[in-house]
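Residue 124 in my numbering is what sits at position 124 of the sequence shown, and the numbering runs on without skipping anything.
Ideal placement from N, C-alpha and C gives every residue a C-beta, glycine not left out.
Bear in mind that the values here come from a model prediction, so they are computed numbers and not experimental data.
Take a look at the structure below.
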Amino acid sequence: MVENKEVKPNFKTARARLASLGLSLEDLSKRDLILDIGARDCEIAKAVKASGRDSVVSVDRAFTEEIMISGLRVLKEDARKLSLADAEADLILVGSSAYYYTETEDDTMAILSELNRVLKQGGEQRVYPARFGHIIKELMRERPDFATAKAKPESERTAHDRSVILSCDSIANIRSFDFLDQRGIFAKRREGLERNAQANFKDYLSIDKFNVS
Ligand SMILES: C[S@@+](CC[C@H](N)C(=O)[O-])C[C@H]1O[C@@H](n2cnc3c(N)ncnc32)[C@H](O)[C@@H]1O
Numbered sequence: 001m002v003e004n005k006e007v008k009p010n011f012k013t014a015r016a017r018l019a020s021l022g023l024s025l026e027d028l029s030k031r032d033l034i035l036d037i038g039a040r041d042c043e044i045a046k047a048v049k050a051s052g053r054d055s056v057v058s059v060d061r062a063f064t065e066e067i068m069i070s071g072l073r074v075l076k077e078d079a080r081k082l083s084l085a086d087a088e089a090d091l092i093l094v095g096s097s098a099y100y101y102t103e104t105e106d107d108t109m110a111i112l113s114e115l116n117r118v119l120k121q122g123g124e125q126r127v128y129p130a131r132f133g134h135i136i137k138e139l140m141r142e143r144p145d146f147a148t149a150k151a152k153p154e155s156e157r158t159a160h161d162r163s164v165i166l167s168c169d170s171i172a173n174i175r176s177f178d179f180l181d182q183r184g185i186f187a188k189r190r191e192g193l194e195r196n197a198q199a200n201f202k203d204y205l206s207i208d209k210f211n212v213s
C-alpha cells in the first residue's frame, strides 16, 4: 500500500521560485487562494502550508503518485482546462511552466483565457520567464543560429552562442509583451527579486484579470 508521506518543505527552493516572480512567502499570506501552475514538486505549497496556511492549490499535468497522496491540495490537470469555478483564485503563479511550452499563438491564448477565467476580478497572473513558447519557436525559425545555440547543453555553448541566446531572449520578451498589448491585455514587465542562475533575465510578467468581449 502507498502511504501518505510526510511533507517536508525546501524553503530555499520555494523562496527562489517566488523571487523570480517578484514575491516573498510573506506576500502570499495576504491571498486567500493561490494557484501554482506547473508546480511539479509543490515546493511553494509545502512552504506556505508549513507557515500555517493551506491556501495554495498546486496544478500539474504530470504529478507523481507521491505528490497525489501527499495531503497537499493538488489538481493533476492541464492549464488549458481546469476543473475550477470561475473567479476562484486571487493569484496565479506560472513559473517556468505552461506558457513556456506553447507551440502556437492559439495555444498561448488557450492558457491565457483559462487562467483568466479562474482568476478573481482584481487578481493577477505572474509569469516567469517573461516570454511565451510560441514566440521563442517563431524566433528560432527566423534565426537558425538561435535554435542551434539553444539545442546545445550549457557546457558546450560558445561565447557567440551565449550572446545569440541573450539577444534572442530579449527580443522574445519584447514580442511577448507586445503580443498581450496588441490584444488589449494589460500587463507589466518587472524585475524579479533575484537573478535566476540559469536565466538571462530576471523579468517576469504580471497580467491583470481582463474582460473578454
Ligand atoms: C520546469 S517544471 C517547473 C517547476 C516549477 N514551477 C519551477 O518554477 O521550477 C515545468 C512543470 O510544468 C508542468 N507543465 C508544463 N505545461 C503544463 C500545462 N500546460 N499544464 C500543467 N502543467 C504543465 C510540467 O509537467 C512540469 O512539471
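Please state the DSSP three-state secondary structure of residue i.
i           : result
residue 53  : coil
residue 122 : strand
residue 48  : helix
residue 69  : coil
residue 95  : strand
residue 150 : helix
residue 206 : strand
residue 88  : coil
residue 7   : coil
residue 36  : strand
residue 191 : strand
residue 29  : coil
residue 58  : strand
residue 21  : coil
residue 212 : coil
residue 75  : strand
Might you give, ordered along the chain, the residues of its own chain that have their beta carbon closer than 7 Å to the beta carbon of residue i, omitting 5 neighbours on each side?
i           : result
residue 98  : 37, 38, 79 and 111
residue 77  : 59, 61 and 83
residue 152 : 161
Count the other CB atoms within 10 Å of the CB of residue i; is the residue buried (16 or more) or exposed (fewer)?
i           : result
residue 134 : buried
residue 12  : exposed
residue 70  : buried
residue 155 : exposed
residue 122 : exposed
residue 149 : buried
residue 129 : buried
residue 64  : exposed
residue 225 : For the chain, the structure presents residues 1 to 213; residue 225 sits outside this window and is missing.
Examine ligand 2 and report whether any of its heavy atoms sits within less than 8 Å of the Cβ of residue i.
i          : result
residue 36 : Looking at this structure, you won't find ligand 2 anywhere; what it does contain is ligand 1.
For residue i, which residues in the same chain have their Cβ closer than 8 Å to its Cβ, ignoring the five residues on either side in sequence?
i           : result
residue 9   : 43, 46, 47, 49 and 50
residue 15  : 24, 25 and 47
residue 73  : 45, 54, 56, 57 and 58
residue 113 : 212
Sorted by chain position, which residues of the same chain lie with C-beta nearer than 6 Å to residue i's C-beta, five sequence neighbours on each side aside?
i           : result
residue 180 : 187
residue 7   : 46 and 70
residue 96  : none
residue 100 : 133
residue 172 : 131, 135, 136 and 139
residue 105 : 134
With a cut-off of 8 Å on the beta carbons, I'd call residue i and residue j a contact; round off their distance for me.
i           : j           : result
residue 164 : residue 126 : Contact flag wrong, Cβ pair sits at about 28 Å.
residue 124 : residue 208 : 6 Å
residue 191 : residue 137 : In fact, because the Cβ distance is near 25 Å, the residues do not count as touching under 8 Å.
residue 90  : residue 17  : 18 Å between Cβ atoms; not a contact.
residue 210 : residue 185 : 5 Å
Taking 9 Å as the threshold (C-beta atoms), are residue j and residue i in contact?
i           : j           : result
residue 143 : residue 169 : no
residue 183 : residue 204 : no
residue 57  : residue 75  : yes
residue 83  : residue 202 : no
residue 175 : residue 139 : yes
residue 22  : residue 166 : no
residue 115 : residue 33  : no
residue 119 : residue 85  : no
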